[in-house]
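Numbering (our numbering), first residue to last: 19 to 159.
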């Protein structure tokens with residue numbers, strides 16, 4: 019069953035209210051690492067030893083740059099874990115919001131222009147606008 023425009027707009031309003039309760043968020047992921055220190059006399063140098071750790075690390079790529087932060091086991095790790103989870107919720111929220119807005123755009127009626135002069139002026143303006151894009155595209159190497 020397809021939803022009416024009014025139902026979709028109500029769902030969108032509900033999503034806006036949900037966004038307010040999202041809380042703090044940050045991109046990235048938390049990984050658990052074990053590392054070898056490189057000292058030949060250390061226990062981690064023995065075969066089968068997992069290495070020192072666990073070490074908890076927040077990783078993210080922001081504007082093309084890798085960011086990382088060591089996190090101590092405890093409240094700080096829990097805080098960052100919640101922020102990363104909230105970011106995942108934000109991504110899901112965004113997908114739902116875009117989907118609903120696309121449906122609203124499809125169902126919203128097109129404005130009808132009765133005046134022939136206004137209609138021709140609109141067609142002319144749009145034709146110019148999109149023909150410029152076509153010229154730019156075709157002249158590019």
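C-beta: ideal position from N, C-alpha, C; glycine also. Quick caveat: nothing in here was measured; it's all calculated off a predicted structure.
8 Å or more divides the Cβ of residue 107 from the Cβ of residue 80.
When only Cα atoms are considered, residue 87 and residue 113 end up about 28 Å apart.
Less than 8 Å divides the Cβ of residue 33 from the Cβ of residue 118.
Under the criterion of beta carbons closer than 8 Å, residue 102 and residue 89 do not qualify as touching, at roughly 11 Å.
One Cα belongs to residue 65, the other to residue 29, and the distance between them is close to 58 Å. Annotated three-state conformation of residue 52 is strand, per DSSP.
Per the coordinates, the alpha-carbon of residue 70 lies some 30 Å from the alpha-carbon of residue 82. Straight across, the Cα-Cα distance linking residue 139 with residue 23 is about 30 Å. Residue 75 holds the alpha-carbon nearest to the alpha-carbon of residue 85 among 92, 93, 75.
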